[in-house]
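**Q** Position in the sequence shown (first residue = 1) + 3 = my numbering. Idealized CB from N, CA, C, for every residue including glycine. Small disclaimer: the values here were computed from a predicted structure and weren't measured.
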Amino acid sequence: MQYQKHILITGGAGFIGSHLVRHFVRTYPQYRIINLDKLTYAGNLENLKDIDKAPNYHFIKGDICDDLMLAGLLPEYAINAIIHCAAESHVDRSISDPLAFVKTNVLGTVTLLQAARNHWKADMSDKLFYHISTDEVYGSLGAEGFFTEQTAYDPRSPYSASKASSDHFVRAYHHTYGLPVKLSNCSNNYGPYHFPEKLIPLCINNIIHQKPLPIYGKGENVRDWLFVEDHVRAIDLIFHKGKTGETYNIGGWNEWTNIDLVRELCRQMDQKLQREPGTSEKLITYVTDRAGHDLRYAIDATKLSEELGWKPSLQFEEGLSKTIDWYLANSEWLQHVTSGDYQHYYEHQYQQRS
Ligand code: NAD
Ligand code: TYD
4 MQYQKHILIT GGAGFIGSHL VRHFVRTYPQ YRIINLDKLT YAGNLENLKD IDKAPNYHFI
64 KGDICDDLML AGLLPEYAIN AIIHCAAESH VDRSISDPLA FVKTNVLGTV TLLQAARNHW
124 KADMSDKLFY HISTDEVYGS LGAEGFFTEQ TAYDPRSPYS ASKASSDHFV RAYHHTYGLP
184 VKLSNCSNNY GPYHFPEKLI PLCINNIIHQ KPLPIYGKGE NVRDWLFVED HVRAIDLIFH
244 KGKTGETYNI GGWNEWTNID LVRELCRQMD QKLQREPGTS EKLITYVTDR AGHDLRYAID
304 ATKLSEELGW KPSLQFEEGL SKTIDWYLAN SEWLQHVTSG DYQHYYEHQY QQRS
């Protein structure tokens, strides 16, 4: 088969990456999708079981920091577009081990940029390096205002500092070497296959097992939640129709304080598990706050909606309900990812907070 595009997606075995790979493999049989993933604790090939036999899909285990491997891979698979999702992604882990974040998010991104530049140097037309980033690079908002594409970067955690640095390098490769790039900065995602170290899947798992629900500080921090498939639709639009060299903010217009979100989760899960109303709320436990905890994130996605006609498709309560249903129907997946190392991680993170 003669493919129209040969797209490398990095980090495709993770949460967002697996939804992205599935979407591209199914929607575009005329594209060949190469998924490069190191399979860290966060990467899981079970996330892709339903598409891994598709003729236009191929998985390669590898590290984006490995320049020799990349120098072989890009020509071998005739890669003409890259969607770069691979990253260390959890703020709490970045506080315990910042260097791992510098390695993958900064060094890994620059290694990939350099490999793309070398591979495409004879002809950069019709090539694309699309960098997936986060709203956390903009820092923390007070009660008012939104992050726009013009907001100055002000990262405050090792995670967001490493993502901000990678964003700067992507723009530097565009301005200095003419590498065709696009960037998007998205708010907090939720949905199926979300690793249960992040707030929503961690609480779903703990409610199922009737374990405490750890709320950092007073639970007043605000996040802007977006269903992962809506993020993927935005990436598809930006990939195909966004302007080269530009950045697009993606957000849900959907702000929740952590405590209100967890209460809503408790309410829905009591109903679904046929428990007495109020049962799960009793599990809420206030614990020591995250160091340097950003107060509020909120995205202004006007540019994306006005230029490309994107808007979120799901109301949050509906998206949360779909997400809970997925976790209840996929207890085997949840059991696999929470056995072994997860237990050590959980004990280490949460013992020191109690
Ligand atoms: P994730 O932690 O679930 O997945 C990351 C994936 O990258 C894993 O499969 C992992 O094995 C792989 N990986 C890590 N280091 C690697 C390396 N050195 N080489 C190759 N592969 C490696 O992350 P996610 O939540 O799916 O996030 C994906 C991207 O989206 C990240 O760049 C993140 O910064 C960004 N993002 C995430 C959110 C969110 O709410 N989760 C929001 C906005 C942006
Ligand atoms: P998280 O899902 O880690 O995403 P991020 O830090 O990237 O926004 O956390 C979402 C919010 O929930 C954040 O304000 C921290 C808070 N939180 C808790 O209160 N308890 C927890 O156990 C976790 C993991 C997060």
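Please classify residue 101: does DSSP put it in a helix, a strand, or coil?
**A** Correct three-state label for residue 101: helix.
**Q** Would you mind reading off the limits of the alpha helix (DSSP H) that contains residue 120?
**A** Looking at the DSSP string, the run of the alpha helix (DSSP H) that includes residue 120 is 112-123.
**Q** Look at the alpha carbon of residue 224 and the alpha carbon of residue 260, and state the distance between them as a whole number of angstroms.
**A** Taking the straight line from one Cα to the other gives about 5 angstroms.
**Q** Would the C-beta of residue 198 count as close to ligand 1, meaning under 7 angstroms from any of its heavy atoms?
**A** Result yes, Cβ under 7 angstroms from ligand 1.
**Q** Confirm, please, whether the CB-CB distance from residue 23 to residue 238 is below 8 angstroms.
**A** Taking 8 angstroms as the Cβ cut-off, residue 238 and residue 23 qualify as a contacting pair.
**Q** Alpha carbon to alpha carbon, how far is residue 116 from residue 41?
**A** Rounded to the nearest angstrom, the two C-alpha atoms are 17 angstroms apart.
**Q** Suppose you measure from the CA of residue 330 to the CA of residue 84; what does that come to, to the nearest Å?
**A** Looking at the two C-alpha atoms, the distance is approximately 33 angstroms.
**Q** So what does DSSP say about residue 374, is it helix, strand or coil?
**A** The structure shown does not extend to residue 374, since the chain is modelled only from 4 through 357, so no value can be given for it.
**Q** Provide the residue span of the beta strand (DSSP E) that contains residue 31, from first to last.
**A** Per DSSP, residue 31 belongs to no beta strand (DSSP E) and is neither H nor E.
**Q** Between residue 303 and residue 252, how many whole angstroms is the CB-CB distance? I'm expecting something under 8 angstroms.
**A** 6 angstroms between Cβ atoms; contact.
**Q** Using a 10 Å radius around the Cβ and a threshold of 16 neighbouring Cβ atoms, would you call residue 322 buried or exposed?
**A** Looking at its Cβ environment, which holds 16 or more other Cβ atoms inside 10 Å, residue 322 is buried.
**Q** Below 8 angstroms between beta carbons: does that hold for residue 173 and residue 132?
**A** In contact: residue 173 and residue 132 (Cβ atoms closer than 8 angstroms).
**Q** On the DSSP letters alone, give me the boundaries of the beta strand (DSSP E) that residue 13 sits inside.
**A** It spans 8-13 - the beta strand (DSSP E) in which residue 13 sits, taken as one unbroken run.
**Q** Measuring from the CB of residue 68, is there a heavy atom of ligand 1 at a distance below 7 angstroms?
**A** Correct: residue 68 has its Cβ closer than 7 angstroms to ligand 1.
**Q** Could you check whether residue 298 and residue 128 sit closer than 8 angstroms to each other, using their CB atoms as the reference points?
**A** Cβ atoms of residue 128 and residue 298: not closer than 8 angstroms.
**Q** Would you give the residue range spanned by the beta strand (DSSP E) that residue 234 belongs to?
**A** Here residue 234 belongs to no beta strand (DSSP E); instead the alpha helix (DSSP H) covers 231-244.
**Q** Just to check my reading of the structure: residue 249 and residue 314 have Cβ atoms closer than 8 angstroms, yes? What is that Cβ distance to the nearest angstrom?
**A** That belief does not hold up - the Cβ atoms of residue 249 and residue 314 are roughly 19 angstroms apart, past 8 angstroms.
**Q** Could you have a look at residue 211 and say whether DSSP puts it in helix, strand or coil?
**A** Here residue 211 sits in helix by DSSP.
**Q** Can you give the Cα-Cα distance for residue 152 and residue 280, rounded to whole angstroms?
**A** When rounded, the distance between both Cα atoms is 42 angstroms.
**Q** Rank 123, 34, 255, 38 by C-alpha distance to the C-alpha of residue 12 and give the top, closest one.
**A** Checked all of 123, 34, 255, 38; the closest Cα to residue 12 is 38.
**Q** I think residue 80 touches residue 28, with their Cβ atoms under 8 angstroms apart; what is that distance to the nearest whole Å?
**A** About 15 angstroms; that fails the 8 angstroms criterion.
**Q** At a cut-off of 7 angstroms, is residue 22 close to ligand 2 when judged by its beta-carbon and the heavy atoms of the ligand?
**A** Answer for residue 22: no, Cβ out of range of ligand 2.
**Q** Exposed or buried, what is residue 272 when buried is set at 16 or more other beta-carbons lying within 10 Å of its beta-carbon?
**A** So residue 272 counts as buried.
**Q** If we ignore side chains and look at the alpha-carbon of each, how far apart do residue 328 and residue 68 end up?
**A** Their Cα atoms are separated by approximately 37 angstroms.
**Q** Could you check what DSSP says for residue 84 in three-state terms: helix, strand or coil?
**A** The answer is strand: DSSP assigns residue 84 an E or B state.
**Q** Where residue 135 and residue 86 are concerned, what is the direct C-alpha to C-alpha distance, given to the nearest angstrom?
**A** One C-alpha to the other measures close to 7 angstroms.
**Q** Looking only at its own chain, which residues have a Cβ that is under 6 angstroms from the Cβ of residue 103, when we skip the five neighbours before and after it?
**A** Taken in chain order, the residues that qualify are 91.
**Q** Considering only the alpha carbon of each residue, which of 15, 187, 296, 267 lies closest to residue 50?
**A** If we check each option's Cα against that of residue 50, 15 comes out closest.
**Q** So is residue 351 buried or exposed if we call it buried at 16+ other beta carbons inside 10 Å?
**A** Per the 10 Å Cβ criterion, exposed.
**Q** Quick check: the Cα distance between residue 43 and residue 345, rounded to an integer number of angstroms?
**A** If I take the Cα positions, the gap works out to 12 angstroms.
**Q** Is it right to say residue 147 is buried, meaning 16 or more other beta carbons lie within 10 angstroms of its own, or is it exposed?
**A** Answer is exposed; the Cβ neighbour count stays below 16.
**Q** Identify which residue in 324, 295, 245 has its Cα closest to the Cα of residue 307.
**A** Ranking 324, 295, 245 by Cα distance to residue 307 puts 245 first.
**Q** Does any heavy atom of ligand 2 sit closer than 7 angstroms to the C-beta of residue 94?
**A** Checking the Cβ of residue 94 against ligand 2 gives yes.
**Q** Can residue 191 be considered in contact with ligand 2, in the sense that its beta carbon sits closer than 7 angstroms to one or more heavy atoms?
**A** Yes, the beta carbon of residue 191 sits closer than 7 angstroms to at least one heavy atom of ligand 2.
**Q** Excluding sequence positions up to five away, which residues of its chain have a Cβ less than 8 angstroms from the Cβ of residue 160?
**A** Same-chain partners within the cutoff: 94, 97, 98, 139, 295, 297.
**Q** Just the Cα atoms here: how many angstroms apart are residue 78 and residue 163?
**A** Those two C-alpha atoms are separated by around 32 angstroms.
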